[in-house]
Structures are given as C-alpha cells and as structure tokens.
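Participant: Can you keep this structure in mind? I'll have questions shortly.
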Amino acid sequence: ISLWRKMADFGWDVATKPTVGVRISLTPMAAKNFILDFESDDTIESAIVCHPAHGNLLVNWYASNETDHLPGLTKAVQKTRVSSELLGGTTVIEQGPLVLRKEIGVWGTSQDIHRLMQNMKAQYDPTGTLNLGRFVGGI
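Below is the structure:
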C-alpha cells in the first residue's frame, strides 16, 4: 500500500471505524466542562479524544447496527451539538450515515459562521460554481 493510501485510512478498518464522528471546537476551559458533563447513551458506545491545549475534541459513537441505532445516534449528536453551542463552541459532523447528516446538518446552527462563509464564498467564487451546497448552511 502506498504512503498516501496509508495516510488516508487514518488507521481505521471495518471493525474500528466509528459509526458517527464529530469535531467540537471550544475554549480549553469549556472543553473541560464539556467532558465533565458528557453523558452517553448506554446502548451506543462512545469515546472522546481531547486536545486540551486548544480545546478541540473528537467524539465518536460506535453502533453495532447503524440502522437500528440511527434514532439514538441522531439524538446523541443533537444533544452534543446543543451542549457545545451552550458553551460557546461549534460541532461539525465529520463522518456518519448520509441520512443523519442530511437530517441534522453537518455544520450546525451558528449564524456567525454562516455569514462569514457566505462572504468568503462570494469573494473566492463569485459565480457560485465551486462545491455548490457543500459549505456551511448549504452555501
């Protein structure tokens, strides 16, 4: 396997790849509070990786059957997003079932980020041809 292929795999295989993964950005103190308050569903295994110096967290959920656990996964991501936003942060879904990503949105609800991305997109892509619908808020 080539070096680039190994790097792209991030060390996950079918048995270890999370069903859903989100990236949360918070201040370092808020990250601590988020971890202390994090509640997981007993039926879906979860794991948190924290980079405390800069407040980034990766939260992953592992479900044995994606279809059966979809409502629980959706609820867990929504609850996580609300918790991070209450602490002044953002939550982005990095991976997960398409139906979940479409239902609750990949980027979250921060209007400040949406306006910023609209302005950047308008400057760099004035004709709106690049990655149509793939940015924050479907820009």
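Residue numbers for the sequence shown follow the numbering used here, beginning at 12 and rising by one.
Each residue gets a CB set at the ideal place from its N, CA and C atoms; glycine is no exception.
As the structure is a computational prediction, the values presented were derived from the model and not from experiment.
For N142, which three-state DSSP category applies?
Facilitator: Position 131 of the sequence shown, counted from the start, is the residue given in the question as residue 142. The answer is coil: DSSP assigns N142 none of H, G, I, E or B.
Participant: State the start and end residues of the unbroken alpha helix (DSSP H) segment that holds S75.
Facilitator: Here residue 75 is taken as the residue at index 64 of the sequence shown, counted from 1. Run containing S75: none; DSSP gives neither H nor E here.
Participant: L68 by DSSP, collapsed to three states: which one?
Facilitator: By 1-based counting over the sequence shown, the position of residue 68 is 57. In the structure shown, L68 sits in a strand (DSSP, three-state: E or B).
Participant: Would you give the residue range spanned by the beta strand (DSSP E) that I46 belongs to?
Facilitator: If you number the sequence shown from 1, residue 46 lands on position 35. Run containing I46: none in the beta strand (DSSP E); it sits in the alpha helix (DSSP H), 39-48.
Participant: Can you give the Cα-Cα distance for T78 and V33, rounded to whole angstroms?
Facilitator: Locating residue 78 in the sequence shown gives position 67, where the first residue counts as 1. Locating residue 33 in the sequence shown gives position 22, where the first residue counts as 1. Roughly 19 Å separates the two Cα atoms.
Participant: Give every residue of the same chain whose Cβ lies closer than 6 Å to the Cβ of S57, excluding the five residues on either side of it in the sequence, and list them in chain order.
Facilitator: Here the question's residue 57 lines up with position 46 in the sequence shown. Here the set comprises S51, W72.
Participant: Nearest by alpha-carbon distance to D53: which of T102, G116, S75 is it?
Facilitator: The residue given as residue 53 occupies position 42 in the sequence shown. The shortest C-alpha separation from D53 is found at S75.
Participant: What does DSSP give as the partner residues of Q106 in its beta bridges?
Facilitator: In the sequence shown, the residue the question calls residue 106 occupies position 95. Answer by DSSP bridge pairing, in chain order: G32.
Participant: Quick one: grab the DSSP three-state call for I59.
Facilitator: Here residue 59 refers to the residue found at position 48 of the sequence shown. It is a strand residue.
Participant: Evaluate H80 with the Cβ neighbour count: other Cβ atoms within 10 Å of its Cβ, from every protein chain shown; 16 or more gives buried, anything less gives exposed.
Facilitator: What you label residue 80 is simply residue 69 of the sequence shown in a count that begins at 1. Its Cβ being crowded by 16 or more others within 10 Å, H80 is buried.
Participant: Is the beta carbon of I35 sitting closer than 9 Å to the one on G100?
Facilitator: Numbered from 1 along the sequence shown, position 24 holds the residue referred to as residue 35. Numbered from 1 along the sequence shown, position 89 holds the residue referred to as residue 100. Against a cut-off of 9 Å, the Cβ pair of G100 and I35 comes out as a contact.
Participant: Could one say the Cβ of I46 lies closer than 9 Å to chain B's Cβ atoms, at least one of them?
Facilitator: Absent here is chain B; the protein component of the structure consists of one chain.
Participant: With C-beta atoms as the reference, is A42 less than 9 Å away from P29?
Facilitator: Looking up residue 42 in the sequence shown gives position 31. Looking up residue 29 in the sequence shown gives position 18. Here A42 is not near P29, since their CB atoms are 9 Å or more apart.
Participant: By the three-class DSSP mapping on this structure, what secondary structure does T91 have?
Facilitator: As a working note, residue 91 is residue 80 in the sequence shown. DSSP places T91 in helix when its eight states are reduced to three.
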